[in-house]
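Colleague:
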Amino acid sequence: MKADNTLYLIGKVRVLINQFIISELKKKGINGIVPSHGNIILSLLKNKSLTMSELADKIGKDPSTITTLVKKLNDFGYTQMIKDEEDKRVNRVSLTSKGKELEEAFIIISEEIHNKQYNNISDNEKEVFRQVLNKMIDNFS
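Numbering-wise (the numbering used here), the sequence shown opens with residue 450 and increments by one.
1. Under the rule that 16 or more other beta-carbon atoms within 10 Å means buried, what is Arg541, buried or exposed?
2. Could you tell me if Phe589 is buried or exposed, where buried requires 16 or more neighbouring beta carbons within 10 angstroms of its beta carbon?
3. Got a sec, what are the start and stop residues for the alpha helix (DSSP H) Ser590 sits in?
4. If we count Cβ pairs, one from each stretch, closer than 8 Å, do we get three or more for the region 529 to 548 versus the region 467 to 485?
5. Label Phe611 either buried or exposed according to how many other C-beta atoms from any shown protein chain fall within 10 Å of its C-beta, with 16 as the threshold for buried.
6. Residues bridged to Asn564 by DSSP?
7. Report, in whole angstroms, the separation of the C-beta atoms of Gly548 and Leu474, which I expect to be a contact under 8 Å.
8. Just the C-alpha distance for Asn573 and Ile466, rounded to the nearest angstrom, thanks.
9. Using a 10 Å radius around the Cβ and a threshold of 16 neighbouring Cβ atoms, would you call Tyr457 buried or exposed?
10. Please work out which residues of its chain come closer than 6 Å, Cβ to Cβ, to Pro484, disregarding the five sequence neighbours upstream and downstream, and give them in chain order.
As structure tokens, this is what we get:
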């Protein structure tokens, strides 16, 4: 079998991006948020409120993981649980005003990541890279 470090490289990029996100959040005085919270916050910024199962579907994580992540966000005051108006048995997650204040920082950090990750990479290289990654995803699906 030929040595191949592709998966290592993909993992390394993920680690470096996560370190960058954490560093930028700290610079902006945002505490308690880690990269795994990002998709939850972004989903809630786009939607007024979501159930745990809706969040799990939107970001592709299992409900128990979502529960743990949302609990942490609740503890830091970024999200809150509210009863569904139509079905009081259902809890919905929504952003608090503190959570909504994250939007500007998330936009800025997202733009910085986009610019940094594609620095010195041509449009053609980006497209080929995406195609290869999508083929890899298909291979495991």
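The beta-carbon is built from N, C-alpha and C at its ideal position, and this holds for glycine as well.
Modeller: Straight from the coordinates:
1. Arg541 should be labelled buried.
2. exposed
3. No alpha helix (DSSP H) holds Ser590; DSSP gives it neither H nor E.
4. No, the region 529 to 548 is not in contact with the region 467 to 485.
5. This structure cannot speak to residue 611, because the chain is shown only from 450 to 590.
6. Its beta-bridge partners do not exist; DSSP assigns none.
7. The Cβ separation is near 14 Å, so there is no contact.
8. 22 Å
9. The residue is exposed, with fewer than 16 neighbouring Cβ atoms inside 10 Å.
10. Asn467, Ile470
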